[in-house]
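Taking it in order: structure first as structure tokens, then the write-up.
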Amino acid sequence: MNRLPIYGLVILPLLGVIAAIYLAVTGNVSATDVILCLSLALLTEYGVTFGYHRLVVHKSAEPNPVLKAIILALGSMAFQGPVIHWASVHTKHHAHSDHEGDPHSPTVSGFLYAHFEWLIEMNSDELGQIIDKWGGRYQKDPMINWFSKTFLFWSAFSLILPAAIGFAVGGWPAAGTGFIWGALVRIFLTSHVTWSVNSVCHYMGKRTYRTTDKSRNNPIIGIFALGEGWHNNHHAFPSSAFHGLTPWQLDFTGFTIKVYEKLGLVKNVVRIPESLLEKRRIDSSRGEDLNVQELSMTEGGEPELQLTPVEEAA
């Protein structure tokens, strides 16, 4: 992996945050800047949580082609790599979670390594090997392939868009601040939110289910990562469209999937039957560990579901 874009992903957004703090302290921040930052952060992070993660990797629902294209475009604008790269690394993570071979485990390699240093350390040969081994099923999808190949276009578009909107609102000065807030600060926020799922959610939080990794449910990350912070739930039920498994476990991504389903925009939504949830809870209370590495290698993630979506319990 070329080190230059990775260092850029880590360092340039940080410099943008420093510049944004200076602008805010000196009173040179507008409502447009803040709106651009927050709206693009929400949309692009959502493209990762719903598109890259739940749709592509875990096949938690089958979307309408137009919705799928929009979501993959948003994910590609998040500056977290081409979708096939992201999905392949994430698949390997599940297969080796918190064991040797996990690309980003805080329990194996340390917190900072799991948070972002692994991105810097991974070279092109390693990434290629991961894609060759874990990315085959993603490469069979023409739309996923196309968005992977056009990743640089969507990344550039995500940088130009806030600057262009800023220019339309207030000329060149607003274009500059729009770029700082809507591009650099936004990338800083969304990157660290996603990285926190890899690091914080294997380090801090509660464990509803005993698993053969250290995945944890963290409510703070659950909010900022649009539901991804219920990570112990996710590793126990990887194919579930919903990571928040109780009403109080806020899962924005899961909520939108329910909305899309009612509108007919997604189908085959994977739900975990209450009987299986209860069985896993009982097993955990008895001290039985769920082998999540083995579970992740079954097609669809849930052998008990026999690879079919399950209707939500009445």
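The sequence shown begins at 1068 in our numbering and counts up by one.
Beta carbons are placed, not taken as given, at the ideal position from N, Cα and C, and that holds for glycine.
In angstroms, rounded to a whole number, what distance separates the CA positions of residue i and residue j?
i: SER1266; j: ALA1250; result: 24 Å
i: VAL1385; j: PRO1305; result: The structure shown has nothing for residue 1385, since the chain only spans 1068 to 1381.
i: ASN1284; j: PHE1319; result: 15 Å
i: SER1282; j: SER1176; result: 15 Å
i: GLU1378; j: VAL1336; result: With a pLDDT of 36 at GLU1378, under the threshold of 50, the predicted position of this residue should be treated as unreliable, and no value is reported.
i: LEU1071; j: LEU1103; result: For LEU1071, the predicted model reports a pLDDT of 49, less than 50, meaning its position is unreliable; a value from the coordinates is still stated below. If you take the alpha carbons of LEU1071 and LEU1103, they lie about 26 Å apart.
i: ILE1078; j: PHE1146; result: 13 Å
i: SER1363; j: SER1351; result: 18 Å
i: ILE1287; j: LYS1200; result: 34 Å
i: ALA1128; j: SER1225; result: 26 Å
i: GLN1373; j: ILE1339; result: With a pLDDT of 38 at GLN1373, under the threshold of 50, the predicted position of this residue should be treated as unreliable, though the coordinate-derived value follows. Approximately 12 Å, taken between the alpha carbons.
i: HIS1161; j: LYS1207; result: 21 Å
i: ASN1299; j: LEU1186; result: 23 Å
i: ILE1349; j: LEU1357; result: 11 Å
i: HIS1171; j: LEU1141; result: 24 Å
i: ILE1290; j: PRO1209; result: 33 Å
i: VAL1326; j: PRO1314; result: 16 Å
i: LEU1082; j: GLU1167; result: 34 Å
i: PHE1178; j: LEU1076; result: 19 Å
i: ALA1242; j: PHE1183; result: 30 Å
i: THR1375; j: GLU1355; result: With a pLDDT of only 37 at THR1375, under the threshold of 50, the placement of this residue in the model should not be trusted, and no figure is reported.
i: VAL1084; j: THR1257; result: 13 Å
i: ALA1098; j: GLU1341; result: 45 Å
i: TRP1248; j: ALA1086; result: 9 Å
i: LEU1330; j: GLY1237; result: 38 Å
i: LEU1194; j: GLU1328; result: 35 Å
Find the nearest neighbour of residue i within the set the options, judged by alpha-carbon distance.
i: GLN1196; options: THR1158, PHE1319, THR1217; result: THR1158
i: ALA1292; options: VAL1123, PHE1146, HIS1259; result: HIS1259
i: ASP1169; options: LYS1273, ILE1339, HIS1269, GLY1331; result: HIS1269
i: LEU1139; options: GLY1075, PHE1220, HIS1182, LEU1079; result: PHE1220
i: ARG1204; options: LEU1122, THR1279, ILE1137, TRP1262; result: LEU1122
i: VAL1096; options: THR1244, ASN1300, SER1342; result: THR1244
i: ARG1253; options: LEU1109, GLY1075, TYR1089, THR1093; result: LEU1109
i: PRO1173; options: TRP1262, ALA1162, ASP1100; result: TRP1262
i: ILE1324; options: ASN1131, ASP1100, ALA1098; result: ASN1131
i: LYS1126; options: LYS1334, LEU1343, GLU1345; result: LYS1334
i: GLY1202; options: TYR1119, VAL1359, GLU1328; result: TYR1119
i: LYS1273; options: GLY1233, GLN1316, GLY1238, PHE1255; result: GLN1316
i: LEU1332; options: VAL1101, ALA1136, ALA1086, GLY1075; result: ALA1136
i: TRP1297; options: PRO1080, VAL1264, THR1278, GLY1238; result: VAL1264
i: ILE1232; options: ALA1086, MET1189, ASP1100; result: ASP1100
i: VAL1124; options: GLY1237, ILE1198, LEU1076, GLU1328; result: ILE1198
i: SER1106; options: GLU1355, ALA1241, LEU1228; result: LEU1228
What span of residues does the alpha helix (DSSP H) with residue i cover, start to end?
i: SER1363; result: 1359-1363
i: MET1210; result: 1209-1216
i: ASP1350; result: 1341-1352
i: PHE1304; result: Element bounds for PHE1304: n/a, residue is neither H nor E.
i: CYS1268; result: First-last for CYS1268: undefined, no H or E at that position.
i: PRO1132; result: 1132-1143
i: ALA1292; result: ALA1292 -> no alpha helix (DSSP H), and no H or E assigned at all.
i: GLY1203; result: 1203-1206
i: THR1158; result: 1150-1162
i: LYS1325; result: 1319-1330
i: ASP1100; result: 1098-1113
i: GLU1188; result: 1185-1188
i: VAL1175; result: 1173-1176
Consider the C-beta atom of residue i and the heavy atoms of the ligand NAD; say whether any pair is separated by less than 6 Å.
i: GLY1148; result: Inclusion of the ligand NAD in the displayed structure is not the case, the ligand content being empty and no account of it being possible.
So residue i packs on residue j, CB below 8 Å; how close in whole Å?
i: MET1144; j: SER1222; result: 7 Å
i: ALA1308; j: GLY1321; result: 6 Å
i: PHE1246; j: ALA1235; result: Actually they are not in contact, since the Cβ atoms of PHE1246 and ALA1235 sit about 13 Å apart, beyond 8 Å.
i: HIS1310; j: ASP1280; result: 16 Å between Cβ atoms; not a contact.
i: ARG1347; j: TYR1276; result: 5 Å
i: GLN1360; j: SER1155; result: Incorrect: roughly 16 Å between the Cβ atoms, too far for contact.
i: LEU1312; j: LEU1344; result: 7 Å
i: PHE1218; j: PRO1080; result: Going by Cβ atoms, the distance from PHE1218 to PRO1080 rounds to 17 Å, so no, they are not a contact pair.
So, does the CB of residue i fall closer than 7 Å to a CB anywhere in chain C?
i: HIS1301; result: Of the protein chains in the structure, only one exists, and it is not chain C.
Would you check if the stretch 1198-1216 and the stretch 1133-1152 touch, i.e. whether three or more CB-CB distances between them fall below 8 Å? yes
contact_flag[the stretch 1083-1096, the stretch 1110-1120] where n(CB pairs < 8 Å) is 3 or more: no
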